[in-house]
Structures are given as structure tokens and as C-alpha cells.
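Undergrad: This structure is in C-alpha cells; I'll ask about it shortly.
Protein chains: 2
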Amino acid sequence: MKKLILYLIALLFSYSGYCQKLTSPDNQLVLTFSLLPNGTPTYQLDYKGQPIIRNSKMGFALLHVDRPLAEGFRITDTQFTSSDTTWEPVWGEEKEIRDNHREMLVCLQQEKTDWQVNIRFRLFNDGLGFRYEFPVQPNLRHFRIQNELTEFSLTGDHKTFWIPADYDTNEFPITTSSLSGIAALIDEVRKEPLAAKSPAPNLAVQTPLMMKSANGIYVNIHEAALINYPAMHLNVNDQTFQLSAHLTPDKTGNGAFMQTGSATPWRTIMVSDDARDILASNLIVNLNEPCKIKDTSWIKPTKYMGVWWEYFTGGGSTWSYTDYSDIIIGQTDYTKLKPHGRHGANTQHVKEYIDFAAKHGFDAVLVEGWNEGWEDNHAYIKERIYSFTKPYPDFDAKELQQYAAAKGVKIIMHHETTSSVVNYEHQMHDAFRFMVDHGYDAVKTGYVGGIIPRSEHHDSQWMVNHYNYVTETAADYKIMVNSHEAVRPTGIHRTWPNWIAQESARGTEFESFKGIAPDHTTILPFTRLVGGPMDYTPGIFQGDLSVYGSNPAKGSSTLVKQLALYVTMYSPLQMAADLIENYDRFPDAFQFIKDVAVDWDNTWILEAEPGDYITIARKSKGKNEWFVGGITDENPRESIIDFSFLPKGKKYIATIYADGKDADWRTNPQSYLISSKTISQKTKLKQRLAPSGGVAIRIREIE
Amino acid sequence: MKKLILYLIALLFSYSGYCQKLTSPDNQLVLTFSLLPNGTPTYQLDYKGQPIIRNSKMGFALLHVDRPLAEGFRITDTQFTSSDTTWEPVWGEEKEIRDNHREMLVCLQQEKTDWQVNIRFRLFNDGLGFRYEFPVQPNLRHFRIQNELTEFSLTGDHKTFWIPADYDTNEFPITTSSLSGIAALIDEVRKEPLAAKSPAPNLAVQTPLMMKSANGIYVNIHEAALINYPAMHLNVNDQTFQLSAHLTPDKTGNGAFMQTGSATPWRTIMVSDDARDILASNLIVNLNEPCKIKDTSWIKPTKYMGVWWEYFTGGGSTWSYTDYSDIIIGQTDYTKLKPHGRHGANTQHVKEYIDFAAKHGFDAVLVEGWNEGWEDNHAYIKERIYSFTKPYPDFDAKELQQYAAAKGVKIIMHHETTSSVVNYEHQMHDAFRFMVDHGYDAVKTGYVGGIIPRSEHHDSQWMVNHYNYVTETAADYKIMVNSHEAVRPTGIHRTWPNWIAQESARGTEFESFKGIAPDHTTILPFTRLVGGPMDYTPGIFQGDLSVYGSNPAKGSSTLVKQLALYVTMYSPLQMAADLIENYDRFPDAFQFIKDVAVDWDNTWILEAEPGDYITIARKSKGKNEWFVGGITDENPRESIIDFSFLPKGKKYIATIYADGKDADWRTNPQSYLISSKTISQKTKLKQRLAPSGGVAIRIREIE
């Protein structure tokens, strides 16, 4: 009789109509898992009683296997757990991060193959994460995923902030349109001239994908812990508003090479009716593994300057040393070549930056163009492009090491790989050893151009493994990594906090190319920054580049908005990107950049609407000092800054950097006004922001 | 007037009907270079007044360029030089090697593009080498070669010793047929079960390609100095007997990625009416660069045994440690796994080999299966297959280091990469450091299975660079390399003599699989060994493997032929491959293996006919001691050994290891007879060789 009951329970349990629910700690989100009659796993996500993701299929198409790993499943077990903990990041927007979630593990077995797949759901108050797990099992060990079949069935034609799916770049401008409007616009966006492009063949967009429903629900889809798996893009069905996973394939048609005893990255869906919750969410880092570096004392948030922007201004300075360009690394003797005289990274010029950085309290100076190879850096066809241990003849690494050390400034190493990745891996140990020997503790890496190994894309599984390999190897040498043109981040900086920042989006350099739209920085925190900090390199005071010569580019913001970005664009690595001469021209405005912190105890998202405006307040790490940054898109606005985040019962002095009355990003970007004000927790400040303007405030306690 | 004359000379010079001749030092070979009316470069090679290569086109098809780099050329310069020098190899068949050649450099410019290509011809008495050079020039720097168009227009339907062109393996059995007979046979040969196969899509064969014309001229086509270029196969036109270059493409369709300031490998054509000249030729090494290693004292010819053959006999011993096979390197804790008890590379067993090697004067013991990962070594899909620094729990590297050192024996490291090449490169520095720390000075590398990076083949340009990279890096650690399943050699061991041997052909292991044909070792010295020494691993006394259990394989030779291979298959690295117990059974025959040298002052090819027989005599390096080895195919023969190579006026004692009267590879392979004889320079010995039999002779001066 007992056996019969158990059998009936088991039968009920494996019944394909069976469904299972999980609720968030605040009960606002409900996740429903069920099997379709054919044994296909599905999930649905409801928010405040309404579906936000309609019933959506899950599974995989495999290579060299006829039957997809997406049907014929039965449930063999379901386990529920919950967890509410806090942890301290090495650096971040908050001193402590709470990880409060409920979890459901659904164990599935495909009946015809006996293959087992588990799906682990974690539901937080601000969203859902789920991943597929492939336990060690008798009948399956190695397999190839052609594509993941995970769907995200949206409830309507949401407003969407998107860039086209592309396997090799994420530097497109961000377009705002309805889901149904993407198709008409995407081909034009794809024409954007970028160093490496491999468009997905179908209608697809990149993550983090930010959306807003007609009834004001904000939805953000991304992934967490992208490890040993290709990056996910999203196919768009603009009839049904169904999104579906689109894994970056390698050039031989493989999605992912898998071995059991592994898991996919987490698929994340943040949900709120308040846009500020998206910016405040820690869902992505909470879904990553804890820090794997034992001694993190050498990982330091950094404010830096650089021999860099001058290469973009059109002023003539450049990375290369000579006009002779038939370079063969290891054979070409640079000491015998005639310098062209426009080489930026020469010892004397770097010393000027070190002097300036030391005088103004910066931690470091980035130097690009210090090493052999820039004259002939053809991507993809050439494999050995640079030496990462041989400086140009006019860059004296030893002398600069001593000079910088004497001034208390670090030099930041630059490793532009031009995507000759295997060659970079060949040189990497020597390159890191060179850094250690010459006092460098941070490297900016770059991945311009098509990838070698030539089977790979920037976002394919192999390259994902490469970025992680570089980061982990760098940690062995106590080196911080700031990667440019790498796959966009997925919160791995929790596990490897030496991966201190990434670019992986359209950054400030585009101010000198095709331009940055005024709403760009009001969107990035909702998209790119959801995965991790960005080395956006703000602080361009002289946006109009025509003053230098031939570059007609104009800036996209007021000068004050550039200041505000140090607060709104969170990063533990912040550059003051402009030239020394421009900071010397505006020393009072520059004071904000000198003062602003790069690590924080707390963060308060005060105002936020993607594509329109963002206002954020933060408390400096370990100091009674606060900063506020507010920005707007092309439209002027009145920001109402509520200082209730300040501790009660005290007085504070606020130094306010505001757009001038006549400020306008197009006509008068350098108009600003600096004032001081005594404020308290009760103060509410009405502050006008110019078109593409901003506001930046420093707040100190009055002792 | 002077200008006019110069103009007329220039006109004459660039006249497309212009041709230029180069003769070999002995005037027997004549190379004729000419341009066709359309400006296509061609060459012809005559031998003793008869064409041996008819007029053949030269050039390239480029990717992303409409016009092939193969027509519209004019000659801008022609330079003649000659050279007669000698050099000393670090190890080899000769103490000194003569490099006597005449050279012609033809400088070409393509009229419509202004692109410059030079062709350098070197004519030796035993053959031709030529290569394309791409000088640094104003209008061309980077380009992609889709295929090389070099032709080798043969004069008839030659007898040919061939294996099918395949981008990933050279382990096919060798077929003997006419050129016109290849097509009917090749599909069947391609069915041979091999670990990785990527057949060329058309009728094509591999080099070194050995041929014999109807009128008895021997022709061998190969290449020298394969550096930063794909390996060349040969398309076969079996109507016109025109061969043409077929470069190994990568999987994205590229042949070679080129930068000016470079050259292709040399294309080599050896020619003689005496087959012995092909075996005696030093053309390939002469076309390679001199040694690049300054201190070569650590590079030592080596005779070794190994924990190896037992894995092939079917006796049960194996590479793996446990039956548990869900291995993740770096995570799996082997100390917690139950050993299956059949692991060959355990400390105790390795000590037995060290004892035996020490007792019998061997230099080293190879140990395969010492490291983590063998339980789950799935190729291509799995990237991190092995650790190269973590021994299995029952392999005590420190203890064995001390044990071997005390006995004066080296242990040879084994790095089976299973072609997960990028991961091997990741681990390589640590792996070499582990070797240095544990007293290893030689490594056997392996490339079983499909290559990662997945765009590549074993023979594509990227992998060619990999093998060279491993060799050069190993030299930094003073490590000798013996590569298996790598691209076949092209004489690079002159430049990097630490690349002490390669497999790169069907070796002795196949005695345990599908078998080795009796004529195989009479062909290999004319094909595979033309490029460099082979780690053939001879010395199998017990060829019938059924004695061990389930493996029905029978050996392909008599026991004495196995002895003779130590002389006929030149290598500075020679293994005594059989089990200890078999050498203990035949201690008198084993004495020859103990005695035979692995480095030589002089070599005399006494008798040779590809596919039929080879008899070679060699003088031990620095010793008044000679060895003779003679082998035959499936047919018995009478060898007439002429000892005129011995110094005059002295008496010598010859210890002769001969097939027994009833010896036969099929029925009685272990029948042998050892005798001694006093000989002099005038002696001519008639010696009967059994079917697939041999003769091995040790000669010492009578003091």
C-alpha cells in the first residue's frame, strides 16, 4: 500500500502537466515552472499578479544529436531552499551587499536518452536568475550545444534600448524604439563603422537589454557568471514579442563545447515598476561566485590620467614611433629607425603627466603607445603585432619607474592585442613579469579587430575563456585588468575583483569619431553597466575638437555633465581623460574630478528614467563625504535632489557644480557655475540641468 | 646613347621570352627559368641532358585579390652566386656536411600592381631547391595566399610511393603504384582508421614524395624549412603527370597569412639515377638555416626504453589510473579516486625500467601515462584534458628523480596534448619548469585528434608555427623535443637541433593496430626520413601479440630486421621498444641494441631500392666502430655487403646478426644466428636476408 502511494506520488510528480511555483522573499514575483505535454520545460514570471514573462520554453539544440535536449523530460526531483546573507565586496557601490533569495532546483531526465539536466531558479525581490546544470551522469559526458533554446516571452511591444546583436563588437550607438520598431532600424545601425563586425544573421539584439512596458514595468534581461560558455544575444520575434537565446557561435558552427559537471551562466530578468530598482540591483553579482583571491589588499580603486586622448583629438600625437612601417617584431631594430617626432609616449611627455597627476592627487597615469609594433598593427592577418616587453627607444621604462615612484604615482600598462590573442597568450607571462619588474600593477587590455584564433569571435566561448584566463593569470601577478573591446561583463568582478573595469560599449573615444548621443549615458547604466563597471573615461572639458586641427567632432554634453558622470557611471577605475591644458584652463571645475571618490560605502538612486535622466548620490568609502551626480539627455530638466540620504541632525556644506544659465551642449558646453550651500537631511534642491547637461555636488559634514 | 643602350638592355632583360639557366656544380643538372608570353614564371629541370621536370608554372592565388600573383611579371634583375662550404651538425649521419651549390636569384615585378616577388634557386649536385621571397616594398605588405600554384610537371607515369594528402594525419600505410594508378586506390587507403583525418578534397598526395621513372631516374619532391607557412601537399593530374602545390588551408579557407620581408619554404626536387643518392642527400638540411642555439652541449643523442609498448600489447597495462572518468582537471582530486590497478606508470614499475636501463647502458626511460587526465581524454570537444604538472598519485616524481639520477638514467617526459594545443601552450612554461625541476631534459609530445584552435589542421600554418614555438621555447629550458603526430619534418633540426626526432608517419605502434607492411621500412627512408629523423621505436622481438591476450596482431618483420632498423632508420633518438621480458629472453640479440650507436661520423649507403631493400653502414661518432644494417621487403634477398668503407690495411672483427635459415616474418620471425668474422676493407660479404628479414653487423678494429 505504501509502495502504491509512493508510485502514485511519483506518477503525479512526473506528470507533464505538473507545475511548481516559487515566490520572491517579498512575494511580489512568482516563478512558475511546468512541463508541456511533450515534456518541454517552461517557466513563467509574474510580477504583482501580472505576467511579465509569459510561459517560455527552455532547452538546447545539440550538434551531432538528432533529438534536441528540450523535450521528452520528466521531473525526477524538486528542491526548495532560501538564503538571506550579506557579503562585502572588495570595492563597489555599497560596503555590504545583501543576497536574499529563494531557490528552486528542478531535476529533469529526458526519457529516451536518460540524460539529466537540472534547472536552478533563484528569485530575488528585484528579479529572477536561472541556469541549467549538467550533473555528472552515467550516459552523458561531452556534448556540443548548437544553440540554447531559452525563451523570454514578453507581454507586449515594449519600449526597448537596444544595440544589434554582433559577435565581435558592442560599440554600436544605442537605439530606443519599440520591439516592433527594431527591424526597420537595425540595418542602418549596423552600418556604423566599427573595427570588427560580425552581425548575427537574424533580427537579434544584445544584452543587457533594457525594456519598459506600456504599463510602466521595467524589465532587464542579461546573464550572470559567463564562464566557459558563449555570450548570449537575443533573437527578437517582433510579431509575438518573444525573445530567445542566441549563443555566439564560433566560425565552425559550434555554440558551446560542454562536459557534464558544469552549468550555463545564469539568465537574469530584473523586474520593477521603479526604474531606480534596476540601477540599485545587485542580482548579477549575487549570482556570481564569491571572491577567489585570498589577499585582495593590492586591488585598489584608481583615479587616473593618461597619454591617450591626445591620440584622438587630431592634434598630431600618435601611438607610433616612426613612419617606417615594415615591422617584424623580434627582427626590426627600432633604434636604427628615424622617429617621426609625433610619438606621444616619450619619456619627457610621460613625466609631464606624472608631474600633473602627482600635483593633483591622481593615483596613476595610463600610457598607450609605449611598446614596439604600432606602425604595422594590421589585425587578423598578422599574428605577432606587438612586443609587450620592448618599449620604444624614447620610452625609458626604468627611468619612468623611478620617476613615478618618487612622485607616488603608478603607471598603468597598456596591452593592445589587436585581437591577436594567441600571440598575446604566448607573451603574457613575460609581459606580466615585465610589469612586476617595472612597478606596474594595472593593465588596460585591448581587443581591436578580428580574433586570432581565427575560428573565434569576441563573444564566443573560447574568447570568453580567454578573458577569464587573462584575469586569473593577472591575479597571480597581483595585476588589475581593465579590458577594452572584450565581451560585456556579467558580474565576474565579484569573483575576480582584479578585473576592475571593462569598456565593452561605446565609450568616450567615440566623441572623437562618429559621436555619442546625448541620451547615451542615461541609458548605459541600465544596459552595459548592469554587468559591471565601465571604464567610460569621462572628463572631456574641451569637447569641440576642431580647436586642435582637422577633427570636426563636437562633444555630446556640457562640461558639468562630464563631471556628473564620475558619479552616475559607477566604476572603481575612473579616468580624467582630457588633456592637461584643458584642466589647467578650468581649475575650479577640475577640482570636482580631483575630489570625487572612486569607492563607496553607500549608493542612493535618487531619480532615474532610461534614456532621459539619472541622479545618483553616493557616500565615499570610509569618509563622511558624499557626492551627487545628475545628468539629462538632450532635454533640459529640473532635477529635484532629495538629501534625505544624509544622516539626521547634522549640517553639511554642498559644493554645487551646475550648468550655467546659458549652457547647452551644442552651443555653450563650457558654461558652468560653482556655488556652495549649507544643507541638511531635509533639504530638497531644485536644480536645472541644461540640454545634455548635468549637476555635480560634493557634500562634506560641517564639523 | 648610353641611355638608349641601357634601355635596350632593360627591354631585352624584361622580354617575356627571356630565359636564364643555372647548372649544378657537376653540370649534370640544369635549371632553366623563363617567363611565358603572359609573364608567368616557369622553371624546367634537366638531368644529364634529359628533362626531369618539364616546364612548370610558378606563382600564387591570393585571397581578396582578383589578379593571381602568377602572371604579368617582368624580370627586374637576375643575380648568380655559388657557394661551397662545410658545416658540422650537432648530431647526424655525418660529422661534416658539405653544402656545394650554385644559386640564381630572379627578381620579378608584376606590371599592373608593381608587386615584387623574387625566386631563389639553389642547384646542388643531387637536386634543386627554390623558394619565393617577398621583399619589403612600397605597395605590398600584408596579403593572404589562398594556394601556391607551383607545378612539378613530371615526364611520365612514374612509379610512386605515396600516402593520401590529408590535413591532419600522415599515418597512412604507403602505397606503391604508378601515378595513373593512384586514383583507383586512394579511396580505399583513406578508409584507414586514424585518430584525426581531413582528406584533401581532390586527388592529392603527401610529401616527401618518392618516385622512379621508367628509365630509372629517382625523383623526390619535398620542402625544406617549413616556417610560418602551411605544409605543402601535391595535387596529382594523372593524365598529364603534372603535380602542383596544394597548401594545407585552415578551416576558414586561408592558405597562408603573409607579410613582406619573408619567404616561402624551399621546394625541393632531388634527382639521381642511383637511389642511394637520395638517402645520402643533405639537400634538405643545407637549405635550412644554421643552428640558432649557442650552447648545444645539453643536446644528446639518446637510446631509451619506455613504459609504453605494454599499452599496445593487449596485456592490460594502461595510461589511466582509475575507472572513474568524469574528470575535470584542476577540480578532480585523484587521491580520492579508487585506482583500477592497471596503471603502467606507477613508481615501482618505472623503477624496474630504470634498473633495467641502467644495467644495460641505456640513457633514458620514457614514461607515458604519468599525469592526470587520461581517463577522459576526448579530443577536440574538451579543451583542458591533461595537467602537465600533476602526476598521478602512484607516480612519485621526486622519488623517481632521485632514483633515476642515482642510476645515471634520465626519465623522458611525455606531453600528450590530444591536440588541445592552446591549452598546452597555456601550460607549457609551467610544464617545462616542472621538467627542469624534476631532472627531465627531453619531452615526447603528442598530437592525437582534432586541433584546438578549431580553425586549424595539424598541417596548417598556425600549427606549423606552434611546433616551432614549442621547439624554440623548449630550447630556452634546454629541453629536447620528440614530437608525435606533428607535421612531417623539413630539416628544421639543423636550426633547432633540440628537435631531436619526430614520428609524423606510420610508426611501430601500428604493429599493434592494423599492421605495418613488410616493405614499409624500405620506403620510409626515401619518404618521411628525407625531412628528418624518425622516432620509429624499433626493437620489437615479440611481434606476435596474441601471447599477451586478446590482440591478434602479428609483427611485420624478423627479429633481426628489427635490429637492422637501428642502422637503416637514422635517428639520434632510438628506442628499444619491447618489454623487458622479451629482451631477457633474447639477451644475445639484445646485445646489438645495447651496442649500436645513435650518433655517427660517417654514413655509407651500400645498397638501396625503395620498396625493396636498404643496406647502410655507419661509423660511430668518435669511435673506431662501425655498424651495418640491411633490410628487405617481403622477398628474401642476398645482400652483398662491400666493406670498402673501412679504413685500409687493418683487420676488423664483425659480429653478424643474421636471420636464421628458416627465418620468415610470417612463420618464424625469431629465428636468428649470431656469428663473428674477421674482415678487412676488401671483404665482400654475401648475406641472405629472410622474407621481411635483415642483417645487423657490429664491426670493431682488432687492436
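Residue numbers (my numbering), protein chains in the order written: chain R, 31 to 733; chain V, 31 to 733.
From the three backbone atoms N, C-alpha and C, an ideal C-beta is built for every residue, glycine too.
Which residue wins for smallest C-alpha separation from V:Val147, given the options V:Phe160, V:Phe164, V:Phe154?
TA: Looking at the Cα atoms, V:Phe164 is the closest of the given residues.
Undergrad: What are the uninterrupted segments assigned as beta strand (DSSP E) that are 3 or more residues long and contained completely in the segment 545-619 of chain R, given in chain order?
TA: 603-605, all fully within the segment 545-619 of chain R.
Undergrad: Give me the subset of the segment 283-295 of chain R whose CB atoms are less than 9 Å from a CB atom of chain V, sorted by chain position.
TA: Per Cβ criterion, the list reads Asn284, Phe287, Met288, Gln289, Thr290, Gly291, Ser292.
Undergrad: Should R:Phe110 go down as buried or exposed, given a rule of 16 or more other Cβ atoms within 10 Å for buried?
TA: Counting Cβ neighbours within 10 Å, R:Phe110 comes out exposed, since fewer than 16 surround it.
Undergrad: Would you check if the segment 438-457 of chain V and the segment 408-426 of chain V touch, i.e. whether three or more CB-CB distances between them fall below 8 Å?
TA: The segment 408-426 of chain V, when compared against the segment 438-457 of chain V, does touch it at the 8 Å Cβ threshold.
Undergrad: Consult DSSP for V:Arg728 and reduce its assignment to one of helix, strand or coil.
TA: Here V:Arg728 sits in strand by DSSP.
Undergrad: Under 9 Å, CB to CB, which of the residues in the segment 471-489 of chain V have a partner in chain R?
TA: Under the 9 Å Cβ criterion, the segment 471-489 of chain V contributes Ile482, Pro483, Arg484, Ser485, Glu486.
Undergrad: Quick check on DSSP: helix, strand or coil for R:Gly346?
TA: It is coil, neither helix nor strand.
Undergrad: So what does DSSP say about V:Thr326, is it helix, strand or coil?
TA: Residue state, collapsed to three classes: coil.
Undergrad: Rounded to whole angstroms, what's the CA-CA distance from V:Ile727 to V:Arg518? Just pull it up for me.
TA: V:Ile727 and V:Arg518: Cα-Cα distance of roughly 30 Å.
Undergrad: Taking the alpha-carbon positions, what's the V:Leu256 to V:Ile149 distance?
TA: The straight-line gap from Cα to Cα measures roughly 16 Å.
Undergrad: What are the residues of the segment 634-659 of chain R that lie near chain V, defined by any Cβ-Cβ distance shorter than 7 Å?
TA: The residues in question: there are none.
Undergrad: Helix, strand or coil: which one does DSSP assign to V:Gln711?
TA: The answer is coil: DSSP assigns V:Gln711 none of H, G, I, E or B.
Undergrad: Does the beta carbon of R:Val166 sit closer than 8 Å to a beta carbon anywhere in chain V?
TA: Interface residue, yes.
Undergrad: Go to R:Phe154, then tell me how far its beta strand (DSSP E) extends in each direction, as first and last residue.
TA: Taken as a continuous stretch (DSSP letters only), the beta strand (DSSP E) holding R:Phe154 covers 146-154.
Undergrad: At a CB-CB cut-off below 7 Å, which residues of chain V make contact with R:His408?
TA: His172, listed in chain order.
Undergrad: Select from the segment 435-465 of chain R all residues with a C-beta closer than 7 Å to any C-beta belonging to chain V, and list them in chain order.
TA: Listed by position, the residues of the segment 435-465 of chain R near chain V (Cβ gap below 7 Å) are Val452, Glu455, His456, His459.
Undergrad: State the Cα-Cα distance for the pair R:Ser54 and R:Asn85, rounded to the nearest angstrom.
TA: Each residue's Cα considered, the two are about 18 Å apart.
Undergrad: Report all residues from its chain with a CB closer than 6 Å to the CB of V:Asp460; omit the five preceding and five following residues, and keep chain order.
TA: Counting only Cβ-Cβ distances below 6 Å, and skipping sequence neighbours, we find Thr419.
Undergrad: Could you spell out the range, first to last residue, of the alpha helix (DSSP H) harbouring V:Glu181?
TA: Per DSSP, V:Glu181 belongs to no alpha helix (DSSP H); it is in the beta strand (DSSP E), 181-184.
Undergrad: Going by Cα to Cα distance, which pick from R:Arg648, R:Ile704, R:Phe657, R:Ile670 is closest to R:Lys125?
TA: The residue with the shortest Cα to Cα distance from R:Lys125 is R:Arg648.
Undergrad: Given V:Cys49, which residues of its chain have a CB within under 6 Å of its CB, disregarding the five upstream and five downstream residues?
TA: Thr62, Ser64.
Undergrad: Can you have a look at R:Ala213 and say buried or exposed, based on whether 16 or more other CB atoms are within 10 angstroms of its CB?
TA: By the neighbour-count rule (16 or more Cβ atoms within 10 Å), R:Ala213 is not buried but exposed.
Undergrad: What first and last residue would you give for the alpha helix (DSSP H) that runs through V:Val451?
TA: Per DSSP, V:Val451 belongs to the alpha helix (DSSP H) from 451-467.
Undergrad: Counting only the same chain and skipping the five closest in sequence on each side, list residues whose C-beta sits under 6 Å from that of V:Arg220.
TA: Same-chain partners within the cutoff: Pro194, Pro229.
Undergrad: For R:Tyr409, count the other beta carbons within 10 Å of its own beta carbon; 16 or more makes it buried, fewer makes it exposed. Which is it?
TA: For the sequence presented, residue 409 of chain R should be read as Ala rather than Tyr. R:Ala409 should be labelled buried.
Undergrad: Between the alpha carbons of R:Ile709 and R:Val560, how many angstroms are there, rounded?
TA: Looking at the two C-alpha atoms, the distance is approximately 32 Å.
Undergrad: Per the contact definition of three or more C-beta pairs closer than 8 Å, is the segment 332-340 of chain R in contact with the segment 179-191 of chain R?
TA: Output reads no: the segment 332-340 of chain R does not touch the segment 179-191 of chain R.
Undergrad: Does the CB of R:Tyr364 have a neighbour CB from chain B at under 8 Å?
TA: Of the chains in the structure shown, none is chain B; the protein chains are R and V.
Undergrad: Could you name the residues of chain V that R:Ile509 contacts, counting a contact when the two beta carbons are closer than 7 Å?
TA: Near R:Ile509 there are no residues of chain V at all, since even the closest Cβ is about 17 Å away, more than 7 Å.
Undergrad: So what does DSSP say about V:His276, is it helix, strand or coil?
TA: It is a strand residue.
Undergrad: Any idea what DSSP makes of R:Glu539, helix, strand or coil?
TA: Looking at R:Glu539 - three-state DSSP - the assignment turns out to be helix.
Undergrad: At a cut of 8 Å, does the segment 596-609 of chain V reach the segment 79-99 of chain V through at least three beta carbon pairs?
TA: Judged by Cβ distances under 8 Å, the segment 596-609 of chain V makes no contact with the segment 79-99 of chain V, as fewer than three pairs qualify.
Undergrad: In chain order, what residues of the same chain have a beta carbon less than 7 Å from the beta carbon of V:Arg558, not counting five sequence neighbours either side?
TA: Cβ within range, chain order: Pro238, Arg518, Ser534, Ala535, Met564.
Undergrad: Out of curiosity, what's the CA-to-CA distance linking R:Glu486 and R:Asp280?
TA: Their Cα atoms are separated by approximately 5 Å.
Undergrad: In this structure, how does DSSP classify V:Thr106 when only helix, strand and coil are distinguished?
TA: In this structure, V:Thr106 counts as strand in the three-state DSSP scheme.
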